[in-house]
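Chains as they are written, first to last, in UniProt numbering: chain S, 1 to 172; chain H, 1 to 172. By construction, the Cβ of each residue, glycine as well, lies at the ideal position given by its N, Cα and C atoms. All remarks here apply to the structure that follows.
Number of protein chains: 2
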Amino acid sequence: MAAREDKKEIIIEKAVSVFAQRGYYKATTAMVAKEAGVTQPYVFHFFANKEELFKAVMDRAFGRIYDTFAKIDAPADQLIETMGHAFEEVIQTHRDEVLMVMQAHAISEEGIREHVRKLFKTIFDSLSLKFERAGIPEAEKTAAHFIGTGLLITVAEVLDLPQLTKGVGDDG
Amino acid sequence: MAAREDKKEIIIEKAVSVFAQRGYYKATTAMVAKEAGVTQPYVFHFFANKEELFKAVMDRAFGRIYDTFAKIDAPADQLIETMGHAFEEVIQTHRDEVLMVMQAHAISEEGIREHVRKLFKTIFDSLSLKFERAGIPEAEKTAAHFIGTGLLITVAEVLDLPQLTKGVGDDG
DNA sequence: AATGATTTATTTATCAATCAATAAATAAGA
DNA sequence: TCTTATTTATTGATTGATAAATAAATCATT
Chain S
1 MAAREDKKEI IIEKAVSVFA QRGYYKATTA MVAKEAGVTQ PYVFHFFANK EELFKAVMDR
61 AFGRIYDTFA KIDAPADQLI ETMGHAFEEV IQTHRDEVLM VMQAHAISEE GIREHVRKLF
121 KTIFDSLSLK FERAGIPEAE KTAAHFIGTG LLITVAEVLD LPQLTKGVGD DG
Chain H
1 MAAREDKKEI IIEKAVSVFA QRGYYKATTA MVAKEAGVTQ PYVFHFFANK EELFKAVMDR
61 AFGRIYDTFA KIDAPADQLI ETMGHAFEEV IQTHRDEVLM VMQAHAISEE GIREHVRKLF
121 KTIFDSLSLK FERAGIPEAE KTAAHFIGTG LLITVAEVLD LPQLTKGVGD DG
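Structure, rendered in structure tokens:
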């Protein structure tokens with residue numbers, strides 16, 4: 001029988017796709033449990049409530065994006081382009097996670113909103129620092145633009161409006 | 001006693017703020033009814049279901065943003081700046097409506113998503129056309145960037161991260 | 001103008017469904 | 001046997017929605 005940590009891991013993994021596809025409110029703990037091959041009440045053995053489960057899922061998804069940017073090391077004049085490509089790659093390999101992260105700001109649960117706030121701030125700060133260290137002028141503005149582009153890509157994906165991203169990513 | 005259309009109007013008006021403040025799923029028809037000074041079932045006398053009510057609310061909010069841009073007439077070299085200022089003004093005068101529109105893409109109700117898609121497309125097309133007619137190069141890309149900035153402002157507002165919008169709006 | 005009939009507006013009461021969460025019971029392994 | 005892992009059974013709370021009842025307004029007729 002699978003060890004406790006394994007089961008917890010599986011639940012988080014499956015919850016990512018359930019939350020991503022249905023959104024926080026339409027995703028039920030029963031669905032997550034079913035996907036993970038576990039009974040619904042057993043989810044609450046690992047997470048105090050639905051909110052805590054979602055936070056764990058967000059940490060997982062955010063972490064992947066954070067790590068993707070963190071490990072990039074390119075010369076200043078290619079940094080933004082390289083990071084842009086890296087982001088596009090994450091979107092392809094972990095589409096659900098990225099879309100979920102970029103839509104999380106719309107969840108009106110106070111605890112979640114605060115958590116999401118911290119995660120966005122962490123990403124923004126690390127982007128700013130990276131750009132600043134690379135000697136890129138207006139590092140913060142560039143970081144903000146980077147996030148704004150991510151949001152735009154998400155809306156284009158979710159609403160199936162590819163026109164919105166035609167030519168996006170060509171420059172900074 | 002208020003005429004039928006008046007009541008419907010009042011319900012939409014109050015529903016805007018309820019939906020904006022609580023989000024689609026956490027907003028209940030009972031709350032909307034209470035704010036409008038009406039009983040909960042009576043809301044269903046005007047709208048077939050919660051979804052239809054929300055669509056009406058979205059039309060109202062989107063319409064305001066659309067009209068704001070539509071009536072702007074400025075020389076090409078000042079158009080984007082003028083429109084940016086106009087948008088900032090709408091955010092101040094009708095904050096709830098703007099934030100709601102910019103977050104609507106995260107609602108996972110199929111009917112709503114399709115409606116939101118059409119509204120976003122309408123705005124994007126009209127922005128593109130306006131920029132194109134003004135002789136602005138890369139009109140579509142500019143329109144997309146405009147929307148992306150709106151999304152960024154929304155996230156900054158909702159998550160209380162003013163750093164994200166420091167310096168945003170200074171250029172195109 | 002007063003009265004009664006008829007339609008329109010609005011409420012009370014309630015249903016059926018869903019869901020997160022708890023508690024108690026059982027199975028498995030050490 | 002004792003602990004850990006997991007399930008069954010159940011609950012309490014919400015919520016969108018419906019149906020039946022009431023009140024208010026409108027209108028026709030005397």
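Item to complete: Would you kindly check if the distance between the Cβ of H/L159 and the Cβ of S/H105 is under 8 Å?
Response: On the first sequence, position 105 is the one that residue 105 of chain S refers to. On the second sequence, position 159 is the one that residue 159 of chain H refers to. Result yes, Cβ atoms of S/H105 and H/L159 sit closer than 8 Å.
Margin query: When you compare the CB of H/E138 with every CB in chain S, is at least one pair closer than 8 Å?
Written below: As a position in the second sequence, residue 138 of chain H is number 138, starting the count at 1. For H/E138, the closest Cβ of chain S is nearer than 8 Å.
Of all the residues that make up the region 123-147 of chain H, which are near chain S by a beta-carbon distance shorter than 9 Å?
F124, D125, S128, E138, E140, K141, A143, A144, H145, I147
Nearest chain H C-beta to S/V55 closer than 8 Å, yes or no?
Locating residue 55 of chain S in the first sequence gives position 55, counting from the first residue. Looking at the sequence shown, residue 55 of chain S is not Val but Lys. Output row for S/K55: interface = no.
With a threshold of 8 Å between beta carbons, is H/Q163 in contact with chain S? The residue labelled residue 163 of chain H in the question sits at position 163 within the second sequence. H/Q163 counts as touching chain S.
Does chain H have any CB closer than 8 Å to the CB of S/A106?
Working through the first sequence from its first residue, we reach residue 106 of chain S at position 106. For S/A106, the answer is yes, since a Cβ of chain H falls inside 8 Å of its Cβ.
is_contact[residue 173 of chain H, chain S] using C-beta, thresh 8 Å: The first residue shown for chain H is 1 and the last is 172, placing residue 173 of chain H beyond what the model contains.
task = Tell me, please, whether the CB atom of H/V18 is closer than 8 Å to any CB atom in chain S?
result = In the second sequence, counting from the first residue as 1, residue 18 of chain H sits at position 18. Not an interface residue.
With DSSP run on the structure shown, which of helix, strand or coil describes S/A134? Taking the first sequence and counting its residues from 1, the one referred to as residue 134 of chain S is at position 134. Three-state DSSP puts S/A134 in coil, outside helix and strand.
Buried or exposed for H/K14, going by 16 or more other Cβ atoms inside 10 Å?
Position 14 of the second sequence, counted from the first residue, corresponds to residue 14 of chain H. Classification of H/K14: buried, given that the 10 Å Cβ count is 16 or more.
request  = With a threshold of 16 other CB atoms inside 10 Å of the CB of H/Q78, please say whether the residue is buried or exposed.
outcome  = As a working mapping, residue 78 of chain H is identified with position 78 in the second sequence. So H/Q78 counts as exposed.
**Prompt:** Thinking C-beta only, is H/V168 closer than 8 Å to H/T149?
**Reply:** Within the second sequence, residue 149 of chain H is the residue found at index 149, counting from 1. Within the second sequence, residue 168 of chain H is the residue found at index 168, counting from 1. Yes, the pair counts as a contact, with Cβ atoms nearer than the cut-off.
From the DSSP output, in three-state form, read off S/E109 for me.
As a position in the first sequence, residue 109 of chain S is number 109, starting the count at 1. Coil, per DSSP.
- Query: Hey, is H/G23's beta-carbon within less than 8 Å of any beta-carbon in chain S?
  - Reply: Locating residue 23 of chain H in the second sequence gives position 23, counting from the first residue. True, the Cβ-Cβ gap to chain S drops below 8 Å.
Quiz item: Taking the continuous alpha helix (DSSP H) assigned at H/A139, which residues delimit it?
Solution: Mapped onto the second sequence, residue 139 of chain H falls at position 139. Here the alpha helix (DSSP H) through H/A139 covers 139-158.
Q.
So, for H/Q103: in the same chain, excluding its five sequence neighbours on each side, which residues have a beta-carbon less than 8 Å away from its beta-carbon?
A. Here residue 103 of chain H refers to the residue found at position 103 of the second sequence. So the qualifying residues of the chain are G23, T154, V158.
Note to self: Here's the rule I'm using: 16 or more other beta-carbon atoms within 10 Å means buried, otherwise exposed. How should H/L129 be labelled?
What the structure shows: Here residue 129 of chain H refers to the residue found at position 129 of the second sequence. With fewer than 16 other Cβ atoms within 10 Å, it is exposed.
Notebook entry, point to check: Can you tell me the Cα-Cα spacing of H/L164 and S/E138, whole angstroms?
Noted result: In the second sequence, counting from the first residue as 1, residue 164 of chain H sits at position 164. In the first sequence, counting from the first residue as 1, residue 138 of chain S sits at position 138. Answer to the nearest angstrom: the Cα atoms are 12 Å apart.
For chain S, find out if any of its Cβ atoms is closer than 8 Å to the Cβ of H/P149; answer yes or no.
Position 149 of the second sequence, counted from the start, is the residue given in the question as residue 149 of chain H. Checking the displayed sequence, the identity of residue 149 of chain H turns out to be Thr instead of Pro. True, the Cβ-Cβ gap to chain S drops below 8 Å.
- Simplified DSSP state of H/A48, which is helix, strand or coil: Here residue 48 of chain H corresponds to residue number 48 of the second sequence, with the count starting at 1. Coil, per DSSP.
Note down the Cα distance separating S/D6 from S/I123, rounded to an integer number of angstroms.
The residue given as residue 6 of chain S occupies position 6 in the first sequence. The residue given as residue 123 of chain S occupies position 123 in the first sequence. The alpha-carbon separation between S/D6 and S/I123 amounts to approximately 28 Å.
Short of 7 Å in beta carbon distance, which residues of its chain neighbour S/F19, apart from the five on each side in sequence? Order them along the chain. If you number the first sequence from 1, residue 19 of chain S lands on position 19. Same-chain partners within the cutoff: A27, F54, V57, M100.
**Report entry** For S/K8, the three-state DSSP class (helix, strand or coil)
**Finding:** The residue given as residue 8 of chain S occupies position 8 in the first sequence. Three-state DSSP puts S/K8 in a helix.
Query raised in the report: Does S/K50 come within less than 8 Å of chain H when only Cβ atoms are used?
Result: In the first sequence, counting from the first residue as 1, residue 50 of chain S sits at position 50. Chain H contact via Cβ: absent.
- Message: Can you tell me whether S/K14 is helix, strand or coil according to DSSP?
- Response: In the first sequence, residue 14 of chain S corresponds to position 14, counting from 1. Looking at S/K14 - three-state DSSP - the assignment turns out to be helix.
Legend entry - Inter-residue CB distance, H/I147 and H/A76 (contact presumed, cutoff 8 Å): One-based indexing of the second sequence puts residue 147 of chain H at position 147. One-based indexing of the second sequence puts residue 76 of chain H at position 76. Their Cβ separation, rounded to whole angstroms, is 20 Å, which puts H/I147 and H/A76 out of contact at 8 Å.
Flag S/R95 as yes if its beta-carbon sits less than 8 Å from any beta-carbon of chain H, otherwise no. Translated into the one-based positions of the first sequence, residue 95 of chain S becomes position 95. No, S/R95 lies away from the interface with chain H (no Cβ there is under 8 Å from its Cβ).
Check: Interface residues of chain S around H/K166 at Cβ under 9 Å?
Finding: For the purposes of this step, residue 166 of chain H is taken as residue 166 along the second sequence, with counting starting at 1. H/K166 reaches chain S at E140, K141, A144, counting residues in chain order whose Cβ is nearer than 9 Å.
| query | In this structure, does DSSP put H/D73 in helix, strand or coil? | reply | As a first step, residue 73 of chain H must be located in the second sequence, where it is residue number 73. Three-state DSSP puts H/D73 in coil, outside helix and strand.
Span of the alpha helix (DSSP H) around S/A36
Locating residue 36 of chain S in the first sequence gives position 36, where the first residue counts as 1. According to the DSSP assignment, S/A36 belongs to the alpha helix (DSSP H) that extends over 29-36.
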